[in-house]
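Inspection log for the structure reproduced underneath, given as structure tokens.
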Amino acid sequence: MMKAIRMKVKILTIFPELFPGFLGASLTGKALDEGKWSIEVVNIRDYAFDKHGSVDDTPSGGGAGMVMRADVLGAALKANYTSGRLINMSPRGMPFNQAKAHQLAKEGELTIICSRFEGIDERVLEAYGAEDVSIGDYILTGGEQAAMVMLDAVIRLLPDVLGNSQSTVAESFEEILLEHPQYTRPTEWEGRSIPDILLSGHHKKIADWRHLQSEEITKERRPDLWQKYLASK
Ligand code: SAH
Numbered sequence: 026m027m028k029a030i031r032m033k034v035k036i037l038t039i040f041p042e043l044f045p046g047f048l049g050a051s052l053t054g055k056a057l058d059e060g061k062w063s064i065e066v067v068n069i070r071d072y073a074f075d076k077h078g079s080v081d082d083t084p085s086g087g088g089a090g091m092v093m094r095a096d097v098l099g100a101a102l103k104a105n106y107t108s109g110r111l112i113n114m115s116p117r118g119m120p121f122n123q124a125k126a127h128q129l130a131k132e133g134e135l136t137i138i139c140s141r142f143e144g145i146d147e148r149v150l151e152a153y154g155a156e157d158v159s160i161g162d163y164i165l166t167g168g169e170q171a172a173m174v175m176l177d178a179v180i181r182l183l184p185d186v187l188g189n190s191q192s193t194v195a196e197s198f199e200e201i202l203l204e205h206p207q208y209t210r211p212t213e214w215e216g217r218s219i220p221d222i223l224l225s226g227h228h229k230k231i232a233d234w235r236h237l238q239s240e241e242i243t244k245e246r247r248p249d250l251w252q253k254y255l256a257s258k
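In the working numbering, the protein residues as written are 26 to 258.
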């Protein structure tokens with residue numbers, strides 16, 4: 026029996042050939058083939074007004090780089106944006122995180138604007154009520170990479186996409202602490218063994234050991250999460 030589609034994604038970009046990219050492989054690719062989500066890619070250049078397909082112009086007020094024109098992107102949105110959340114990938118956006126991934130996974134429909142250059146004329150974002158979302162405090166060359174990272178995190182949370190639904194529960198960020206280290210066979214590798222406790226068969230002791238490891242790694246690597254964890258206890 027064919028499962029119902031869980032999410033429709035629409036992408037606006039000047040590099041349509043980048044999609045579905047890595048979203049077409051592995052778990053997200055399988056879910057795409059199975060029709061659990063769909064992707065429609067719109068080339069913003071198709072909405073340019075001149076024969077060269079220009080989508081950008083110099084920044085008003087001067088400065089380096091180019092800015093995507095409100096009239097061109099506006100025409101692309103007018104023809105393609107119907108309903109649901111409208112997201113613009115931007116380093117100026119609200120930070121994307123696992124909580125946001127859960128929120129977006131409930132949406133059913135997402136339209137995502139990917140830009141290049143210095144960004145987009147603010148007026149068109151305002152007019153369409155687009156929300157800016159950032160995937161982290163660093164600058165990429167384009168919104169396409171950011172959109173794919175965000176979508177990867179969202180799609181794996183859709184119902185029936187991950188094989189083992191348990192695996193989304195005990196992961197880093199699902200609970201505040203970072204995940205404990207993992208091991209598998211062989212038990213001995215180049216003089217290094219797996220911690221004895223993991224081979225002991227004592228489920229309670231193993232759980233305690235993993236929890237302690239999680240605490241130590243979080244304390245060391247993420248003082249921000251550690252404080253949040255302490256506050257939550
Ligand atoms: N001058 C801009 C950066 C432009 S980077 C600024 O300082 O804000 C070019 C494009 O890449 C952006 O328009 C955005 O779509 C995308 N991008 C870059 N870094 C990103 C990030 N951390 N999160 C989301 N999108 C990003």
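We put the CB at the ideal spot given by N, CA and C, even for glycine. Values in this document were obtained by computation on a predicted structure and should not be read as measured data.
So residue i and residue j are supposed to be a Cβ contact under 8 Å. How far apart are they, rounded?
i	j	result
Thr136	Gly109	6 Å
Ile30	Lys55	Going by Cβ atoms, the distance from Ile30 to Lys55 rounds to 14 Å, so no, they are not a contact pair.
Ile164	Pro116	6 Å
Tyr106	Tyr153	7 Å
Asp75	Arg94	The Cβ separation is near 11 Å, so there is no contact.
So residue i is in the alpha helix (DSSP H); what residue range does that whole segment cover?
i	result
Pro248	248 to 257
Val179	168 to 180
Gln207	Looking at the DSSP string, Gln207 is not in any alpha helix (DSSP H), and its letter there is neither H nor E.
Glu125	It is Lys, not Glu, that sits at residue 125 in the sequence shown. Where Lys125 is concerned, the enclosing alpha helix (DSSP H) stretches over 123 to 130.
In the DSSP assignment, find the unbroken beta strand (DSSP E) run with residue i in it and report its ends.
i	result
Gly118	110 to 120
Lys61	First-last for Lys61: undefined, no H or E at that position.
Glu156	156 to 159
Among the options, whose alpha-carbon lies nearest the alpha-carbon of residue i?
i	options	result
Val66	Glu132, Ser79, Lys33	Lys33
Asn113	Pro211, Tyr208, Asn105, Leu37	Leu37
Ile64	Ser79, Arg70, Pro41	Pro41
Gly86	Asp146, Ala50, Lys244	Asp146
Asn162	Glu132, Leu183, Asn122, His127	Before going on, a small fix: residue 162 reads as Asp here, not Asn. It is Asn122 whose Cα lies nearest to the Cα of Asp162.
Ala101	Pro45, Ser257, Asp71	Asp71
Lys131	Arg181, Leu224, Gln252	Arg181
Leu57	Glu169, Asp177, Gln128	Asp177
Trp234	Thr53, Gly88, Glu245, Asp221	Asp221
Assuming contact is defined by CB atoms lying nearer than 7 Å, are residue i and residue j in contact in what I supplied?
i	j	result
Met175	Leu48	no
Ile201	Leu250	yes
Ala73	Val92	no
Leu203	Ile160	no
Gly226	Phe142	no
Val158	Gly99	no
Val179	Leu129	yes
Any idea which residues DSSP pairs residue i with across the strands?
i	result
Thr107	Its beta-bridge partners do not exist; DSSP assigns none.
Thr53	Thr53 is not bridged to any residue.
Ile138	Leu37, Asn113
Asp75	Paired residues: none, contrary to the question.
Asp82	Val92
Ser218	Glu213
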